[in-house]
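Participant: For the protein sequence lines, the chains are A and B, in the order given.
Residue numbers for the first sequence follow my numbering, so the first one is 1 and each next one is one higher.
Residue numbers for the second sequence follow my numbering, so the first one is 1 and each next one is one higher.
Note that the Cβ used here is the ideal one computed from N, Cα and C, for glycine as well.
Mind looking over this structure? Questions follow.
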Amino acid sequence: MVENRGLKQHVQVLQGKISQLSQYERENDELRKLLEFREKSKLGEILAESVGAEVIGRSPSNWYRTLVIDRGERDGLRRDMIVVSGEGLVGKISEVSFATSQVMLVLDEDSCVSASVERTREHGIVQGQLSDTLKVKYLSGKTDAVRGDVVRSSGLGGVYPKGLLIGTVSDVERADYGLTMSAGVMPAVDFSRLEHVLVLRAR
Amino acid sequence: MLIWIILVSVAVFLQGAVFSPGWLQPWGVKPDLVLIVVLYAAFWKGSSRGAAVGFIGGIIEDLAVRSSGGLLGANALAKVVTGFLFGFLRKRFSVYSAGFHVIATFLATLLSQLIFFSLMKVCGIEKSLNSRLILFGLPCYNAVIAPFVFPLLRKIVKKRYDRTKPD
Numbered sequence: 001m002v003e004n005r006g007l008k009q010h011v012q013v014l015q016g017k018i019s020q021l022s023q024y025e026r027e028n029d030e031l032r033k034l035l036e037f038r039e040k041s042k043l044g045e046i047l048a049e050s051v052g053a054e055v056i057g058r059s060p061s062n063w064y065r066t067l068v069i070d071r072g073e074r075d076g077l078r079r080d081m082i083v084v085s086g087e088g089l090v091g092k093i094s095e096v097s098f099a100t101s102q103v104m105l106v107l108d109e110d111s112c113v114s115a116s117v118e119r120t121r122e123h124g125i126v127q128g129q130l131s132d133t134l135k136v137k138y139l140s141g142k143t144d145a146v147r148g149d150v151v152r153s154s155g156l157g158g159v160y161p162k163g164l165l166i167g168t169v170s171d172v173e174r175a176d177y178g179l180t181m182s183a184g185v186m187p188a189v190d191f192s193r194l195e196h197v198l199v200l201r202a203r
Numbered sequence: 001m002l003i004w005i006i007l008v009s010v011a012v013f014l015q016g017a018v019f020s021p022g023w024l025q026p027w028g029v030k031p032d033l034v035l036i037v038v039l040y041a042a043f044w045k046g047s048s049r050g051a052a053v054g055f056i057g058g059i060i061e062d063l064a065v066r067s068s069g070g071l072l073g074a075n076a077l078a079k080v081v082t083g084f085l086f087g088f089l090r091k092r093f094s095v096y097s098a099g100f101h102v103i104a105t106f107l108a109t110l111l112s113q114l115i116f117f118s119l120m121k122v123c124g125i126e127k128s129l130n131s132r133l134i135l136f137g138l139p140c141y142n143a144v145i146a147p148f149v150f151p152l153l154r155k156i157v158k159k160r161y162d163r164t165k166p167d
């Protein structure tokens, strides 16, 4: 009886350890992706200046899509610095305090990123829609972008560096008045599972 | 009043942390749990308590991660008005009816979102693209979960902190 109770306690301890280990595994995967991104990306010098940060909060609001990270002014972070993950573009810093910063996600309705469709080289503006998808607007009326095409930041405008992965085209539709086309974009980043990010301190 | 502060703080935390996975956000919308707590206070304790909890909940939400776009007090005002007005319903309807919970929560959420949306418009903050999803998706979401959340709140408030005061 006593032995049985002891074994049950032992099982509980082991289950706790397994759960902790799987958490470490997930964290490890995410950090490895960030490292790979840092090494393989063509952004070179820009990434060399980057700072790693942990996500410590999310907006409770439906009207704004933001995150809070554990780096701020003391780490050299400034407004409008770009935030990326191992999967692609996350957003940009919208507010900075001494120890933390607020990141406006590309999903936010106020977020606009100049982008291009990789295969067709067409330029457009990727805008958030307050949902889990994005929209690339102002594509040419004769665009031949199709589902699955990769969308990257174009570097125009000087805010976001060129070549950051944003997502893939999910559908193409004619925009208002039929002059331009717009396309739905599935973000490359899974924002709901994001725990670690890189902040690019140089552009 | 401490219990209400705790409840709305927990609601703000849950909205931000727990309701982030996509499958918990149909139409990209997460529930307004703070409003559900406000409505619980309004339905069971009356208009004054509803307005007070609405103010506290709204301010905490406003102070949390950029939830009102810099409009400090916008959530608070929306929830004060909603909590106050819907507190009057407790005298006309049975607050124990699940049907009442669904309909009243739907209407209250719609009203709260319209007030918030109008305040943003008045202050020049444009929200256009998918606002309809929030204006109608959120009331539906809140209305569906309210009948499950109200009994839970009733248990917490009555058993743990409010034993001496009848509903």
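Using CA atoms only, rank isn't needed, just tell me which of B:Ile3, B:Lys79, B:Val18 is closest to Leu168 of chain B.
Facilitator: Because chain B spans 1 through 167 in this model, residue 168 of chain B falls outside it and cannot be assessed.
Participant: Looking at the structure shown, is Ala175 of chain A part of a helix, part of a strand, or coil, going by DSSP?
Facilitator: If DSSP states are grouped into helix, strand and coil, Ala175 of chain A belongs with coil.
Participant: Just to make sure I have the definition right: I need the residues of chain A whose C-beta is within less than 8 Å of the C-beta of Gly16 of chain B. Which are they?
Facilitator: Around Gly16 of chain B, the beta-carbon contacts reaching into chain A at under 8 Å are Gly57, Arg58, Ser59, Pro60.
Participant: Taking 8 Å as the CB-CB limit, is Glu109 of chain A close to chain B?
Facilitator: yes
Participant: Run through the DSSP bridge pairs and tell me what Glu3 of chain A is partnered with.
Facilitator: Looking at the DSSP assignment, Glu3 of chain A forms no beta bridge with any residue, so it has no partner.
Participant: Any C-beta of chain A sitting closer than 8 Å to the C-beta of Val102 of chain B?
Facilitator: no
Participant: When the Cα atoms are used, what is the spatial distance from Val172 of chain A to Gln129 of chain A?
Facilitator: 16 Å
Participant: Pick out the complete alpha helix (DSSP H) segments inside the stretch 58–105 of chain B, 4 residues or longer, and give them in chain order.
Facilitator: Segments of the alpha helix (DSSP H) lying fully in the stretch 58–105 of chain B: 74–87.
Participant: Taking Leu105 of chain A as the reference, which of A:Ser140, A:Ser131, A:Glu27, A:Val146 has the closest Cα?
Facilitator: A:Ser131
Participant: First and last residue of the beta strand (DSSP E) that includes Arg119 of chain A?
Facilitator: Premise fails: Arg119 of chain A is in no beta strand (DSSP E) and is neither H nor E.
Participant: Below 8 Å on the Cβ atoms is my guess for Ala53 of chain A versus Val197 of chain A; work out the distance and round it to an integer in Å.
Facilitator: 5 Å
Participant: Closest Cβ-Cβ distance between Lys79 of chain B and chain A: below 8 Å?
Facilitator: no
Participant: Starting from Arg154 of chain B, follow the beta strand (DSSP E) in both directions and report where the run begins and ends.
Facilitator: Segment 138–155 is the alpha helix (DSSP H) holding Arg154 of chain B; no beta strand (DSSP E) there.
Participant: Check whether the Cβ of Lys155 of chain B lies closer than 8 Å to any Cβ atom in chain A.
Facilitator: no
Participant: Are at least three pairs of beta-carbons, each pair with one atom in the stretch 116–126 of chain A and one in the stretch 53–70 of chain A, less than 8 Å apart?
Facilitator: no
Participant: Taking 8 Å as the threshold (beta carbon to beta carbon), is Val8 of chain B in contact with chain A?
Facilitator: no
Participant: Between which residues of its own chain and Thr164 of chain B is the CB-CB distance below 7 Å, once the five residues before and five after are set aside?
Facilitator: Confidence is the limiting factor: at Thr164 of chain B the pLDDT is only 47, short of 50, which leaves the residue's position unreliable, though a coordinate-based value still follows. Counting only Cβ-Cβ distances below 7 Å, and skipping sequence neighbours, we find nothing.
Participant: Do the CB positions of Phe86 of chain B and Ala52 of chain B come within less than 8 Å of each other?
Facilitator: no
Participant: Is there a C-beta anywhere in chain A that falls below 8 Å from the one on Ala108 of chain B?
Facilitator: no
Participant: Rank A:Val113, A:Gln23, A:Val103 by C-alpha distance to the C-alpha of Leu156 of chain A and give the top, closest one.
Facilitator: A:Val113
Participant: Please name the residue, chosen from A:Leu34, A:Leu179, A:Leu134, A:Ser85, that lies closest to Leu107 of chain A on a Cα-to-Cα basis.
Facilitator: A:Leu134
Participant: For the beta strand (DSSP E) that contains Leu14 of chain B, what are its first and last residues?
Facilitator: Note, Leu14 of chain B: premise wrong, no beta strand (DSSP E); alpha helix (DSSP H) at 2–17.
Participant: What's the gap between the Cα of Gly158 of chain A and the Cα of Arg78 of chain A?
Facilitator: 15 Å
Participant: Is Ser112 of chain B helix, strand or coil by DSSP?
Facilitator: helix
Participant: Rank B:Ile6, B:Pro31, B:Trp4 by C-alpha distance to the C-alpha of Ser112 of chain B and give the top, closest one.
Facilitator: B:Pro31
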